[in-house]
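Novice: Heads up, the sequence shown is in the working numbering, so the first residue is 290 and it goes up one at a time.
Glycine residues also receive a C-beta, built at the ideal position from the N, C-alpha and C atoms.
Given the structure is predicted, the values throughout are model-derived calculations rather than measurements.
The structure under discussion is supplied below as structure tokens; questions concerning it will follow.
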Amino acid sequence: MSTARLPPTISRRGFAFGISALAGGLVLRTPAAFAQAQAQALATAKPVQPELTAWVVIQPDDSVLIRIARSDMGQGIFTSLPMLVAEELECDWARVKPEYAPVAEHLARKRVWGNMVTTDSVSVRRSHDYLRKAGAQARMMLVAEAASRWNCPAEECTARNSVVTHGPSGRTLRYGALAQAASARPVPENVALKRPQDWRLIGTSTRPFDMRAKVTGQPIYAIDVRVPGMLHAAVSACPAYGGKLKSFDAAKVMTLPGVRQVVQVGDTAVAVVASSWWQAKKALEALPVVWDEAASADVSSDAILKTLQQGLDAADVVVGHRIGDVDAALASAATRVTADYQVPYLAHATMEPQTCTAHVADGRAEVWAPTQNGEGTAQVVAQTLGLDPSKVVVHKCHLGGGFGRRGLSQDWARQAVLIAKAVGQPVKLIWTREEDMRHDFYRPMVVARQTAGFDSTGRLVGWKIRLCGSSIFASLAPHFMRNGQDLSMMNSLHKADMGYALPAFEVGYVMRNTAIPVGFWRAVNYSQNGFFREAFLDELARASKQDPYQFRRPLLAQAPRTLAVLDEAARRANWGKAPAGVHQGIAVVEFDDALCAQVVELSVDKDGGVKVHRVVCVIDPVFAVHPDTIMAQMEGCIIQALGAVLTGEITFKAGRAEQSNFHDYPLLRIHETPRIETHIVASGTDAGQPWGAVGETGVPPLAPALVNAIFAATGQRVRSLPLKHHTLRPKA
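And the structure:
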């Protein structure tokens, strides 16, 4: 299967800007035809196949094309999203073929496919309603056409497995024979959707569509793209944040093999364009470059940490949530517990480094991008080049990892089109691993101070949290801020997130932005706030001489879903009965209407070697569309989170990131990966209730569950990450 097919609603002969998936990669038609052909094709485009709704195309051979507006980065949406449509369409699942909805056509048709952004685990939970509706609409149109041919009421007809059957007579018509005429019928607006108990496809672990294709190397990733006449670019941005490009000597490398051009990219970067990427990379390494890093001299991790720690006592705090008078409750408490926590900057470290292919000619641009936001990429390209978005075509490729890096942060797209414009030919830009690691939009460094109090009976009477760190919204999406404040930095600590019933509580955030760019890292602010919250709860349980699991239960009396997930995790892990020498830690975190509890089992040897034996994970996603995909996502979340807890850290000195590749920013290896058990408890009963997130939900509970288990094993509190800074170390 190739997901780089030409959009089915535009003629292949008429769409000269299009691409075809061939054995050798992607083929671009001649540049001379760009402007006229694209404008004509988009202006006169008529479906060459019967489009029942914008999402569903049925061909005479009964094959069903289902458009995918979101981006696939391994989270399984090329299976789960078609399942939502097919459930209501009642089509032959074996004949379904998913494909990306084309961005250019999306814009030309007034955003017919809705929101294309793939962040915040939205693909299923924010698409299920209109995708199921699209399937039901298409089914009703097919049934109406069959009923018209048979001159019978539509109520006498049923649809199943791509066949419409007339009940009284037993006559049948296949979808492929009905689709052309049915597509001319009006799309019904009011349709009845199935109840969850009537679903037959949703909730099953049918074989993923792209499994065989990925195993055999068929899907096109951005790094695979090849177009005729394409050149290759390697780029180097100023190694120090806040610095600028001062000068470079292009003449020194122009005679090197394959070198075509040296391009200044804005005021912070320079690129070498050559016949091959390796030639471009080697020439870039030889290029004499002078950087102006004076503004970055004082930018360091130590200085930033000091600024954040001072911010905990600052007056410019924004309170995100308050219950009762927490200061009075703490002042009258019989005992108090206070602790400071901190987390470091983290890189995304996607397996496919940042890459983008671009061609800019005749006032138009075409890009092949591993984007989590196809429409956003089109807008960024248009803004960068001063074009109308209608003059930009974005071909979405599969992503070799995203984790938030390829959403709002589109620096790679800007660079690619600027280089392509300067060169006048198609150019594929690929960042080196070092460039990718040192020029990220990192998960922010954040510090937290927490204070809680107990009365004389040991009852928790108050809890106060102060956070300080750089705002992600200020860095990437200032339009999301409220009165200049980023309330999302307190996610996981609001009442709706917490679940815990507390007589007095307050969480506040102090914003301290720095020269280091920050961005959305898997689970975003839940990843650090879940750690702060659940690790401190373990401290409170121990301080009150209670079992950490039992300590949480009465606090969750008003949150039955959360309590059920916590109880199930404890039951599945056989809480309190670990083998000799093995110790347990527990945590539960809500993430966008889903709930996840985890129990970590580990041992610590006499030299501080930490061996994680098992992680028991229980998730309530409300509805489980494709259970096997959910299990895979939990495993991915846990592996990524565990690697971050053990060794993950980006540090800075004089504005420069000190880590550069996997030798000093290691990811978890197979031999280090523990046994992972995932259990799904889908609590949903009404499809109209909020559906839970999946792709990030398994990240937040891991860190606190692990450090809580370390305390159970050693009596040592871990309040700062990663573990490598303590007397502890990962043990294979």
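Where DSSP assigns a beta bridge to Val682, which residues make up the other side?
Specialist: Partner(s): Glu655.
Novice: Answer yes if the region 738-755 comes into contact with the region 790-800, meaning at least three C-beta pairs across the two stretches below 8 Å, and no otherwise.
Specialist: The region 790-800, when compared against the region 738-755, does touch it at the 8 Å Cβ threshold.
Novice: So, using beta-carbon positions, are Val716 and Ala522 closer together than 9 Å?
Specialist: Contact flag set, yes.
Novice: Restricting to runs no shorter than 3 residues, where is the beta strand (DSSP E) found entirely within the region 701-739?
Specialist: Listed in chain order, they are 716-719.
Novice: Thinking C-alpha only, which one of Asp538, Ile708, Thr740, Met500 is nearest Asp616?
Specialist: Closest by alpha carbon: Thr740.
Novice: The alpha helix (DSSP H) that contains Asp538, what's its start and end?
Specialist: Taken as a continuous stretch (DSSP letters only), Asp538 belongs to no alpha helix (DSSP H), as it is neither H nor E.
Novice: Here's a check: name, in chain order, each residue in its chain whose Cβ is nearer than 8 Å to the Cβ of Trp980, leaving out the five neighbours to either side.
Specialist: Excluding residues within five positions, the ones whose Cβ falls inside 8 Å are Val413, Arg414, His417, Asp882, Pro910, Val911, Phe912, Gly973.
Novice: Less than 7 Å between C-beta atoms, sequence neighbours within five positions excluded: which residues of the same chain meet that for Ala443?
Specialist: Cβ within range, chain order: Val432, Ala433, Ala436.
Novice: Assuming the contact rule is C-beta atoms closer than 8 Å, Arg755 and Gly797 should be a hit. Round their C-beta distance to whole Å, please.
Specialist: That pair is a contact at about 5 Å.
Novice: Can Asp361 and Leu852 be called in contact, C-beta distance under 9 Å?
Specialist: Not a contact, by the Cβ cut-off of 9 Å.
Novice: Secondary structure at Trp580, three-state DSSP: helix, strand or coil?
Specialist: In the structure shown, Trp580 sits in a strand (DSSP, three-state: E or B).
Novice: Answer with buried or exposed for Pro517, where buried requires no fewer than 16 other C-beta atoms within 10 angstroms of its C-beta.
Specialist: Exposed, because fewer than 16 other Cβ atoms sit within 10 Å of the Cβ of Pro517.
Novice: Using the Cα positions of Ser1009 and Val542, report the straight-line distance between them to the nearest angstrom.
Specialist: Approximately 46 Å, taken between the alpha carbons.
Novice: Decide if Ile928 is buried, meaning its Cβ has at least 16 other Cβ atoms within 10 Å, or exposed.
Specialist: That one is buried.
Novice: For Asn479 and Met430, I'd like the C-alpha separation in whole angstroms.
Specialist: Cα-Cα distance, rounded: 12 Å.
Novice: Pro508 to Ala832, Cα distance in whole Å?
Specialist: Whole-angstrom Cα-Cα distance: 54 Å.
Novice: When the Cα atoms are used, what is the spatial distance from Gly742 to Thr342?
Specialist: Their backbone Cα atoms lie some 58 Å apart in a straight line.
Novice: If you reduce the DSSP assignment to three classes, tell me which class Glu828 lands in.
Specialist: Reduced to three states, the DSSP call for Glu828 is helix.
Novice: Are Ala563 and Leu545 close, meaning C-beta to C-beta below 9 Å?
Specialist: Cβ atoms of Ala563 and Leu545: closer than 9 Å.
Novice: When the Cα atoms are used, what is the spatial distance from Pro868 to Ala998?
Specialist: When rounded, the distance between both Cα atoms is 13 Å.
Novice: Whole angstroms is fine: what's the gap from Leu462's alpha carbon to Arg449's?
Specialist: Rounded to the nearest angstrom, the two C-alpha atoms are 11 Å apart.
Novice: State the beta-bridge partners of Gly874 as determined by DSSP.
Specialist: Bridge partners of Gly874: Val889.
Novice: Check whether the region 723-735 and the region 805-813 are in contact - that is, three or more C-beta pairs closer than 8 Å.
Specialist: Yes, the region 723-735 touches the region 805-813.
Novice: What whole-angstrom Cβ distance do Gly874 and Leu995 have, given they're in contact under 8 Å?
Specialist: About 6 Å separates the two Cβ atoms, so the contact holds.
Novice: Could you name the residues of the same chain whose beta carbon sits closer than 6 Å to that of Pro577, not counting the 5 residues immediately before and after it, in chain order?
Specialist: Cβ within range, chain order: Asp538, Lys541.
Novice: Between Gly424 and Val345, which are expected to be in contact by the criterion C-beta below 8 Å, what is the C-beta distance as a whole number of angstroms?
Specialist: The Cβ separation is near 7 Å, so the contact holds.
Novice: Using only the heavy atoms of the ligand FAD, determine whether one of them is closer than 8 Å to the beta carbon of Ala1002.
Specialist: Ligands in the displayed structure: none, and consequently the ligand FAD is not present.
Novice: If you draw a straight line from the C-alpha of Leu594 to the C-alpha of Ser352, how long is it?
Specialist: Straight-line Cα distance between these residues: approximately 58 Å.
Novice: Thr1003 to Ala824, Cα distance in whole Å?
Specialist: Near 15 Å, if we compare the C-alpha coordinates of Ala824 and Thr1003.
Novice: Starting from Pro387 and walking both ways along the beta strand (DSSP E), at which residues does that stretch end?
Specialist: Looking at the DSSP string, the run of the beta strand (DSSP E) that includes Pro387 is 385-389.
Novice: Does the region 660-680 come close enough to the region 702-715 to have 3 or more Cβ pairs within less than 8 Å?
Specialist: The region 660-680 is in contact with the region 702-715.
Novice: Excluding the 5 residues flanking Thr333 on each side, which residues of the same chain have their C-beta closer than 7 Å to its C-beta?
Specialist: Residue placement at Thr333 cannot be trusted, given a pLDDT of 42 that sits under 50; what the coordinates show is reported in the next sentence. Result list for Thr333: empty, nothing under 7 Å.
Novice: Which residues in the same chain have their Cβ closer than 8 Å to the Cβ of Tyr510, if we skip the five residues on either side of it in sequence?
Specialist: Answer for Tyr510: Glu641, Pro659, Cys686, His687, Leu688, Gly689, listed in chain order.
Novice: Assuming Gly944 and Ser585 form a contact by the criterion Cβ under 8 Å, report the distance between their Cβ atoms to the nearest whole angstrom.
Specialist: Indeed, because the Cβ distance is near 3 Å, the residues count as touching under 8 Å.
Novice: Measure the C-alpha to C-alpha separation of Leu317 and Val683 and round it to an integer number of angstroms.
Specialist: Any reading at Leu317 must be qualified, since the residue scores a pLDDT of 33, below 50, and its modelled position is unreliable; the value itself is stated next. In a straight line, the C-alpha of Leu317 is about 13 Å away from that of Val683.
Novice: Which same chain residues end up closer than 7 Å to Ser494 when comparing Cβ atoms and leaving out the 5 residues on each side of it in sequence?
Specialist: Cβ neighbours of Ser494 beyond the five flanking positions: His915, Pro916, Asp917.
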